[in-house]
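J.:
Protein chains: 4
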Amino acid sequence: MTTIFVTERLAAILPRVRDFVQQELFPLESAYLHGSFRALEPTLQDLRSRVKDMGLWAPHLPMEDGGLGLTLTEFGLLSEELGRSPLGHYTFNCQAPDIGNMELLHQFATPEQKHIFLEPLMRGDIRSCFAMTEPEFAGSNPVNMATTATREGNEYVINGHKWFTSSADGASFAVTMAVTNPDEAPHKRASMILVPTSTSGFTLVRNIKIMGEEGDSYASHAEVRFENCRVPVANLLGKEGAGFALAQHRLGPGRIHHCMRFVGISERALDMMCRYAVSRELAPGKPLASKQIIQAWIAESRAEIDAARYMVLHTADGIDKHGAQAMKESISTIKFFVANVLQHVLDRAIQTHGALGITDDTILSYWYRHERAARIYDGPDEVHKTVLARTILKQYGYNVEM
Amino acid sequence: MTTIFVTERLAAILPRVRDFVQQELFPLESAYLHGSFRALEPTLQDLRSRVKDMGLWAPHLPMEDGGLGLTLTEFGLLSEELGRSPLGHYTFNCQAPDIGNMELLHQFATPEQKHIFLEPLMRGDIRSCFAMTEPEFAGSNPVNMATTATREGNEYVINGHKWFTSSADGASFAVTMAVTNPDEAPHKRASMILVPTSTSGFTLVRNIKIMGEEGDSYASHAEVRFENCRVPVANLLGKEGAGFALAQHRLGPGRIHHCMRFVGISERALDMMCRYAVSRELAPGKPLASKQIIQAWIAESRAEIDAARYMVLHTADGIDKHGAQAMKESISTIKFFVANVLQHVLDRAIQTHGALGITDDTILSYWYRHERAARIYDGPDEVHKTVLARTILKQYGYNVEM
Amino acid sequence: MTTIFVTERLAAILPRVRDFVQQELFPLESAYLHGSFRALEPTLQDLRSRVKDMGLWAPHLPMEDGGLGLTLTEFGLLSEELGRSPLGHYTFNCQAPDIGNMELLHQFATPEQKHIFLEPLMRGDIRSCFAMTEPEFAGSNPVNMATTATREGNEYVINGHKWFTSSADGASFAVTMAVTNPDEAPHKRASMILVPTSTSGFTLVRNIKIMGEEGDSYASHAEVRFENCRVPVANLLGKEGAGFALAQHRLGPGRIHHCMRFVGISERALDMMCRYAVSRELAPGKPLASKQIIQAWIAESRAEIDAARYMVLHTADGIDKHGAQAMKESISTIKFFVANVLQHVLDRAIQTHGALGITDDTILSYWYRHERAARIYDGPDEVHKTVLARTILKQYGYNVEM
Amino acid sequence: MTTIFVTERLAAILPRVRDFVQQELFPLESAYLHGSFRALEPTLQDLRSRVKDMGLWAPHLPMEDGGLGLTLTEFGLLSEELGRSPLGHYTFNCQAPDIGNMELLHQFATPEQKHIFLEPLMRGDIRSCFAMTEPEFAGSNPVNMATTATREGNEYVINGHKWFTSSADGASFAVTMAVTNPDEAPHKRASMILVPTSTSGFTLVRNIKIMGEEGDSYASHAEVRFENCRVPVANLLGKEGAGFALAQHRLGPGRIHHCMRFVGISERALDMMCRYAVSRELAPGKPLASKQIIQAWIAESRAEIDAARYMVLHTADGIDKHGAQAMKESISTIKFFVANVLQHVLDRAIQTHGALGITDDTILSYWYRHERAARIYDGPDEVHKTVLARTILKQYGYNVEM
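Protein chains in written order, with the working numbering: chain A, 2 to 403; chain B, 2 to 403; chain C, 2 to 403; chain D, 2 to 403.
#1: When you compare only the Cα positions, how much space is there between Asp361 (chain A) and Asp348 (chain A)?
#2: Under a three-way DSSP split, which group does Arg262 (chain C) fall into?
#3: Give a yes or no on whether 7 Å exceeds the smallest Cβ distance from Ile294 (chain D) to chain A.
#4: With 7 Å as the threshold, decide whether the Cβ of Gln396 (chain B) is near any Cβ in chain D.
#5: From this set, C:Asn341, C:Glu113 and C:Ala308, which residue's C-alpha is nearest Pro233 (chain C)'s C-alpha?
#6: Run through DSSP, which three-state label would Tyr219 (chain A) get?
#7: Can you tell me whether Asn160 (chain B) is helix, strand or coil according to DSSP?
#8: Do we get a CB-CB distance below 7 Å when we pair Lys210 (chain D) with the residues of chain A?
#9: Once DSSP output is grouped into helix, strand and coil, what is the label at Val388 (chain C)?
#10: Can you grab the Cα-Cα spacing for the pair Glu228 (chain D) / Arg391 (chain B), in whole Å?
#11: Skipping 5 residues on each side, what residues in its chain have a beta carbon closer than 6 Å to that of Trp159 (chain C)?
#12: Assuming Ile306 (chain B) and Val346 (chain B) make a contact with CB atoms under 8 Å, what is their CB distance in whole Å?
#13: Give the secondary structure of Met2 (chain A) by DSSP, where H, G and I count as helix, E and B as strand, and everything else as coil.
#14: By DSSP's criteria, Arg207 (chain C) is part of a beta bridge. Which residues make up the other side?
#15: Need the endpoints of the beta strand (DSSP E) that Pro197 (chain A) sits in, please.
#16: Given Phe338 (chain B), which residues of its chain have a CB within under 7 Å of its CB, disregarding the five upstream and five downstream residues?
#17: Just to confirm the assignment, what range does the alpha helix (DSSP H) spanning Met103 (chain B) have?
#18: Closest to Gly242 (chain B) by CA distance: which of B:Asp126, B:Gly36 and B:Arg190 is it?
#19: Answer with buried or exposed for Met2 (chain A), where buried requires no fewer than 16 other C-beta atoms within 10 angstroms of its C-beta.
#20: Where do the ends of the beta strand (DSSP E) carrying Glu153 (chain B) lie?
#21: Which same chain residues, not among the five before or five after Trp164 (chain A), have their C-beta less than 8 Å away from its C-beta?
#22: Does the CB of Tyr399 (chain B) have a neighbour CB from chain A at under 7 Å?
#23: Report all residues from its chain with a CB closer than 6 Å to the CB of Ser333 (chain D); omit the five preceding and five following residues, and keep chain order.
#24: Taking 7 Å as the CB-CB cut-off, is Ala223 (chain D) touching chain A?
#25: Are at least three pairs of beta-carbons, each pair with one atom in the stretch 45 to 55 of chain B and one in the stretch 4 to 11 of chain B, less than 8 Å apart?
#26: Within 7 Å of any Cβ in chain B, is that where the Cβ of Ile359 (chain C) sits?
#27: Report yes or no: do three or more beta-carbon pairs, one from the stretch 391 to 403 of chain C and one from the stretch 278 to 291 of chain D, lie closer than 8 Å?
#28: According to a CB-to-CB cut-off of less than 8 Å, which residues of the stretch 370 to 393 of chain C neighbour chain B?
#29: Where does Ala132 (chain A) sit, in a helix, a strand or coil, going by DSSP?
#30: Taking Cβ positions only, does Met261 (chain B) come closer than 7 Å to chain A?
#31: My parser needs the alpha helix (DSSP H) runs of 4 or more residues fully inside the stretch 232 to 284 of chain C; what are they?
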């Protein structure tokens with residue numbers, strides 16, 4: 002769909018990305034579903050080289066860092082295209098959590114930190130992870146955190162327990178949230194510290210089995226432990242106590258990336274639904290597409306996806322023009338709205354496919370089970386709704402307690 | 002909400018319209034709810050004069066006809082503001098069905114027809130109606146129509162039975178759909194004919210009682226009969242057999258008007274919901290707004306209304322730039338999407354108001370009952386979904402039968 | 002539908018009631034919709050006589066009081082039949098609020114009170130009303146009540162402001178909740194007092210306009226004021242401070258009555274939906290019933306209504322066998338569950354009828370607008386859900402604050 | 002919940018079953034989720050012995066066959082208890098597809114077939130599978146079937162391609178649907194044939210990867226091929242051409258078993274939701290259970306599960322008393338109604354658990370992904386709705402085409 006948000010330079014890039022995803026990545030999905038991410042890595046490394054050759058590598062990065070220098074809105078549109086395959090973002094080196102970590106390091110790292118951590122990340126030579134969530138505390142309240150980093154001489158000694166440290170398996174370092182200043186106000190207690198995963202005291206306990214799959218390598222979510230894990234104070238990112246502020250920074254654009262990825266998945270699912278509806282026959286000459294309920298699902302999906310895309314792109318455009326703070330209300334809105342559109346569309350696509358839809362013979366069930374998380378991570382729907390209501394009700398003089 | 006669609010000239014107009022609607026029209030609503038439209042007309046005539054003085058009269062008209070020369074997108078935004086009160090569009094002389102009739106006459110009327118019918122309509126001296134729907138036939142199939150206009154010499158003799166001829170009570174003329182060419186292909190059988198309501202043989206049978214109210218004057222929906230009703234052939238609008246083509250013409254912008262009016266109603270309802278939530282106490286110091294479900298309703302309404310507005314404005318913008326044909330898919334989409342948002346928001350607003358919400362002490366129940374029609378008129382949701390699916394599935398090589 | 006709950010004696014009665022409602026009351030509905038309840042009263046009085054002659058009068062009453070001595074379950078099933086018409090319960094003299102008042106008086110009135118108030122009520126010679134809800138306080142918190150009844154000698158002097166005093170117009174007396182013991186614990190402050198509406202100081206301010214209609218006589222909801230309204234202390238019902246306890250007593254069976262009435266309305270709406278679907282043609286030989294979405298609505302409505310009926314009957318049966326306290330959880334459940342089924346079924350029935358569905362040419366739009374209240378009166382859905390959750394979570398050791 | 006359907010003998014059995022499931026099977030679930038069914042089999046065999054010792058083995062069987070001789074309603078209630086764990090039915094030897102096959106063989110097998118196939122099945126010495134669905138044809142139209150069984154002398158030669166042949170991995174024989182009489186009317190073409198899986202020409206192609214898991218042994222769904230697979234004609238079950246009739250027979254009680262299993266899963270999920278809600282703290286002393294939305298989910302789940310259970314038990318009771326044909330409408334209804342309740346309850350339970358809910362650290366995500374099929378197998382929701390509507394509309398004189 003061409004919208005007013007597609008700039009001229011993007012109009013030149015989008016079809017190339019779309020073709021690449023479709024021709025190179027779609028065919029790999031079956032191997033991914035029936036094998037492992039690790040087994041696919043050699044193939045993906047080749048494709049990554051081709052992406053570099055095409056000049057599309059790490060498109061979110063500024064031009065001086067080898068990226069495409071896109072606005073957030075432009076990257077959003079590109080993210081939609083990449084989102085049509087679970088292999089898209091990785092192949093272009095703009096996959097979460099690395100993309101968020103790159104953005105953080107780009108803005109807040111010291112030159113030395115950039116040299117050690119950011120540069121190989123931008124080149125795609127290493128991967129990283131982000132260790133924030135703790136199993137013992139509800140994720141939506143960042144004040145509850147038990148991991149500590151105690152300064153001893155020139156080192157931080159980190160102790161704590163994290164989970165949903167996505168992609169830790171094979172990562173070179175973990176951006177780690179830990180309490181450094183326990184006596185400060187709640188939002189000023191934690192810091193972000195760069196912890197090489199080879200550090201003694203850092204243990205990957207397990208790749209958590211999620212929806213039936215442990216996953217591996219990039220495609221995994223780890224439980225990790227820090228036990229007297231010592232890193233130099235030079236590994237502090239930004240200032241002491243700035244952890245939450247940095248985390249907030251990370252969230253704004255991240256929301257757009259996720260939501261446009263959801264839009265991409267939804268478009269793929271709708272496309273698959275249409276293809277299957279016209280080809281699957283209930284009786285000779287009478288395809289599924291002849292049924293009014295299937296038609297209604299297609300129409301409802303079209304409407305909801307369009308609505309979702311417009312909302313996210315307007316929000317991105319607002320952030321580009323006025324900054325994230327000005328778009329606070331919209332940033333809360335898109336997360337729950339788009340995650341729910343995604344779930345509805347996937348559900349309809351699976352139901353349309355019948356028995357085939359629940360097998361791994363299509364990509365649909367992969368998303369059905371793994372994107373159930375979309376309504377949970379980065380804050381569950383209910384928290385986002387309350388946050389949005391709080392912003393609105395403040396204008397009516399009422400202060401919602403969280 | 003300031004969007005990228007608010008042009009500079011509109012940014013100057015919108016707050017004036019909003020203030021006028023809020024200060025002059027909101028206070029009249031209670032009288033309207035407890036009295037009649039007719040009783041309110043003298044007051045509304047005064048306000049219409051003030052709107053003329055303010056230079057905001059008939060904003061949909063081209064400048065040369067005394068309007069504001071707005072794009073469809075701009076008028077959509079203005080329509081949202083007017084839609085916040087059921088008295089808005091009338092006071093600015095851009096109310097359905099007159100606005101659609103003005104557009105038709107402007108494009109297709111002869112100079113003489115313009116002089117007789119259009120000019121007094123544009124001045125607000127008279128009102129008009131549109132007689133298309135027939136009780137015996139499902140509205141969504143325009144081929145089924147029994148009203149005939151048989152040519153005898155210089156006259157058409159019209160016989161037929163219509164209903165939902167909105168605002169016929171007090172209207173000066175009816176734009177009437179009748180079969181003139183029964184032997185043509187289905188979509189080329191009917192013509193539009195201008196029938197003065199004073200013509201012998203034109204009978205207003207009744208204002209149909211709808212959701213408990215007969216209504217009156219502009220605020221009514223009539224059943225009418227044509228019995229050997231004779232009008233000069235000069236009253237033919239456009240060409241013979243062009244009725245459906247003209248009706249389609251009327252629908253495109255009409256869809257935007259309606260949908261932006263729905264957005265305006267939804268915004269008003271959400272505003273009322275917030276106001277009531279912060280002021281109604283469940284216990285001392287504990288307002289309704291403290292309840293998480295109320296907060297969720299506010300957030301969900303905010304999200305849905307934003308989504309609806311973006312979709313409609315993008316569609317309007319597309320029509321402005323590329324024409325209605327290019328936006329066919331979106332025009333089908335917005336009708337059912339926005340009508341359903343409207344219904345959800347109204348339902349939540351009423352539930353928030355509790356017992357008060359079902360009384361006529363607020364405007365909510367008026368919309369609740371009268372805008373139930375939004376999912377039916379101009380084609381029920383189900384027809385729009387099928388039409389949209391047909392457009393989509395055609396791209397996959399399948400032809401949906403309607 | 003024959004269920005295991007239909008006893009032998011009821012199996013003999015139900016078809017007679019059904020036929021009566023269908024043959025005598027359905028034909029009166031149009032006059033009711035286009036006229037007033039008062040205008041219909043002479044006709045209804047005749048029908049009431051016939052009901053007496055048939056031996057079906059006041060079926061909820063014990064046999065010794067001239068009723069049928071039904072169990073709550075049996076009366077529920079009969080209530081479903083009566084609920085198919087808005088005139089059903091009135092014609093059989095088991096209409097709310099009189100039925101609730103009869104039950105109260107039967108259990109708690111003194112012989113003299115019974116003679117003056119209950120007997121003419123049971124005979125259908127007079128009507129009554131129930132004055133509890135106050136506009137200034139959220140109905141769901143009965144502790145918030147400003148109406149007072151101060152004892153002066155042998156009289157209570159009542160001052161206060163009530164609304165939604167249903168059927169006050171034409172009622173002979175009002176069962177009135179007022180605070181008599183302000184210093185007691187919250188739930189022991191109020192009493193029920195029998196106030197003849199002819200008492201000086203009792204004013205019917207207005208019949209509140211609800212969903213566009215003021216209504217009249219039995220079919221109305223009044224705002225009333227008590228200004229130094231004096232009644233003898235002998236008019237106290239039960240004991241001082243027992244008001245809330247009595248109100249709770251009134252609620253149990255009342256919930257069953259309402260919910261089975263909702264089931265009756267739903268069955269009627271589904272029946273109308275089916276009739277219309279098979280008769281309304283989209284094209285020659287192709288009725289609405291051929292559309293899959295209409296079929297799905299019929300199926301979903303059938304499923305939901307069955308579910309609703311089973312739940313209510315099981316609850317009634319449980320109350321009959323084990324008392325209301327034992328069925329507390331179910332009594333909370335049915336109210337919100339069945340009210341929502343009703344709303345869904347009505348919405349589908351209207352959508353199926355298209356434009357006709359929003360007119361008063363069928364009974365559907367009457368229920369659509371007036372039964373919107375079903376999700377509000379006797380406690381809004383949200384309160385019932387919280388109450389139910391509280392009962393459940395107590396078993397897990399958690400005490401939900403209301 | 003004690004309902005009127007719990008007979009005295011069942012009241013004695015249910016708590017024993019519940020305790021066994023809770024104490025013996027719940028603790029095994031984690032091993033199942035993180036390991037394989039096969040690895041668990043030795044443990045399960047021990048438990049099966051204990052079930053035999055307790056006299057609860059194969060409770061669906063008549064007493065003379067060593068079962069409990071339960072009515073369908075009673076078995077339904079027991080099935081709910083077993084359904085609380087994915088290991089329940091297997092441990093009691095009443096798991097699908099074996100239970101359906103036992104019922105079939107019991108009614109239609111020859112003495113010799115019973116000896117060879119049924120008796121070891123009843124003893125739990127072997128397992129079986131049911132080969133009907135074919136990947137090339139929409140499952141909801143049983144007329145479309147390509148597998149053939151051609152008679153050659155004393156043998157059937159079977160050729161065909163099946164999938165979703167559940168539990169074929171490790172099964173001793175497959176009840177196989179194949180066209181034996183291609184020239185008969187569509188519903189009289191197929192027969193059921195007992196095919197030992199050791200027969201040459203029977204190939205288990207793969208355990209289909211479903212929702213990320215291939216599964217194994219009993220917990221699997223196979224694709225199988227028949228290539229000139231020869232079995233004696235004595236292996237014909239019932240008569241030639243009776244395949245569909247037998248399949249229908251199999252469906253009636255099977256529907257009750259499935260639906261009560263769904264109820265059991267839903268109860269477990271609701272229980273887990275409540276337990277987690279009261280124990281997970283958002284802040285010290287403020288558990289999840291304090292949030293109104295969580296409370297609403299608990300209440301809605303309670304209501305929906307109760308509704309589902311009542312519907313299924315009434316249907317079972319009707320079948321017990323009047324036969325499956327008389328309950329046709331209800332049998333169509335319960336499938337889609339209960340499967341959707343299940344999905345809603347699971348979704349809420351997962352959302353309540355947050356990140357934990359999508360991991361395999363609880364049983365919820367197992368059901369979330371594997372019971373997505375509940376809305377598809379045995380006919381998708383949409384087919385059941387159409388079937389139900391057809392039954393209803395027939396009473397209004399309209400014949401719905403499928």
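Positions of the beta carbon are idealized from the N, C-alpha and C atoms, including for glycine. As the structure is a prediction and not an experimental result, all values here were calculated from the model.
T.: On the basis of the coordinates in this document:
#1: Stepping through the first sequence from its first residue, residue 361 (chain A) is reached at position 360. Stepping through the first sequence from its first residue, residue 348 (chain A) is reached at position 347. Their Cα atoms are separated by approximately 15 Å.
#2: Your numbering for residue 262 (chain C) matches position 261 in the third sequence. Residue state, collapsed to three classes: helix.
#3: Translated into the one-based positions of the fourth sequence, residue 294 (chain D) becomes position 293. Ile294 (chain D) counts as touching chain A.
#4: Here residue 396 (chain B) refers to the residue found at position 395 when the second sequence is read from its first residue. Chain D contact via Cβ: absent.
#5: Numbered from 1 along the third sequence, position 232 holds the residue referred to as residue 233 (chain C). The candidate whose alpha carbon is nearest that of Pro233 (chain C) is C:Glu113.
#6: Position 218 of the first sequence, counting from 1, holds the residue named residue 219 (chain A). Residue state, collapsed to three classes: coil.
#7: To locate residue 160 (chain B), count along the second sequence from 1; it is residue 159. Residue state, collapsed to three classes: strand.
#8: Working through the fourth sequence from its first residue, we reach residue 210 (chain D) at position 209. So yes, Lys210 (chain D) belongs to the interface.
#9: Locating residue 388 (chain C) in the third sequence gives position 387, counting from the first residue. DSSP places Val388 (chain C) in helix when its eight states are reduced to three.
#10: The residue labelled residue 228 (chain D) in the question sits at position 227 within the fourth sequence. The residue labelled residue 391 (chain B) in the question sits at position 390 within the second sequence. Cα to Cα, Glu228 (chain D) sits roughly 42 Å from Arg391 (chain B).
#11: Position 158 of the third sequence, counted from the start, is the residue given in the question as residue 159 (chain C). One detail in the question is off: residue 159 (chain C) reads as Ile in this sequence, not Trp. Cβ within range, chain order: Ala150, Ala179, Phe227 and Cys230.
#12: Residue 306 (chain B) sits at position 305 when you count from the first residue of the second sequence. Residue 346 (chain B) sits at position 345 when you count from the first residue of the second sequence. Going by Cβ atoms, the distance from Ile306 (chain B) to Val346 (chain B) rounds to 7 Å, so yes, they are a contact pair.
#13: Numbered from 1 along the first sequence, position 1 holds the residue referred to as residue 2 (chain A). Legend: pLDDT at Met2 (chain A) = 49, less than 50; position of this residue unreliable, value from coordinates given subsequently. Looking at Met2 (chain A) - three-state DSSP - the assignment turns out to be coil, as it is neither helix nor strand.
#14: Numbered from its first residue, the third sequence carries residue 207 (chain C) at position 206. Paired residues: C:Glu224.
#15: Walking along the first sequence from the start, residue 197 (chain A) turns up at place 196. Element bounds for Pro197 (chain A): Ala191 to Pro197.
#16: On the second sequence, position 337 is the one that residue 338 (chain B) refers to. For Phe338 (chain B), where only same-chain residues beyond five positions count, the Cβ hits under 7 Å are Ala309 and Met312.
#17: Within the second sequence, numbered from 1, the residue matching residue 103 (chain B) stands at position 102. Run containing Met103 (chain B): Asp99 to Phe109, per the alpha helix (DSSP H) assignment.
#18: Along the second sequence, one-based indexing puts residue 242 (chain B) at 241. Answer by Cα proximity: B:Arg190.
#19: Within the first sequence, residue 2 (chain A) is the residue found at index 1, counting from 1. Confidence at Met2 (chain A) is low in this model, with a pLDDT of 49, below 50, so its placement is unreliable and the value that follows should be read with caution. Counting Cβ neighbours within 10 Å, Met2 (chain A) comes out exposed, since fewer than 16 surround it.
#20: For the purposes of this step, residue 153 (chain B) is taken as residue 152 along the second sequence, with counting starting at 1. Thr149 to Glu153 is the extent of the beta strand (DSSP E) around Glu153 (chain B).
#21: In the first sequence, the residue the question calls residue 164 (chain A) occupies position 163. Thr134, Glu135, Pro136, Ile209, His222, Ala223, Glu224 and Val225, listed in sequence order.
#22: Taking the second sequence and counting its residues from 1, the one referred to as residue 399 (chain B) is at position 398. For Tyr399 (chain B), the answer is yes, since a Cβ of chain A falls inside 7 Å of its Cβ.
#23: As a first step, residue 333 (chain D) is located in the fourth sequence; it is residue number 332 there, counting from the start. Result list for Ser333 (chain D): His385, Val388 and Leu389, in chain order.
#24: In the fourth sequence, the residue the question calls residue 223 (chain D) occupies position 222. Taking Cβ atoms only, chain A never reaches closer than 7 Å to Ala223 (chain D), which makes this a no.
#25: no
#26: The sequence position of residue 359 (chain C) within the third sequence is 358, counting from 1. Yes - at least one Cβ of chain B is within 7 Å of the one on Ile359 (chain C).
#27: yes
#28: Arg370, Arg373, Ala374, Arg376, Ile377, Tyr378, Pro381, Asp382 and Glu383
#29: Locating residue 132 (chain A) in the first sequence gives position 131, where the first residue counts as 1. It is a strand residue.
#30: By one-based count along the second sequence, residue 261 (chain B) stands at place 260. No, its Cβ sits nowhere closer than 7 Å to a Cβ of chain A.
#31: 244 to 280
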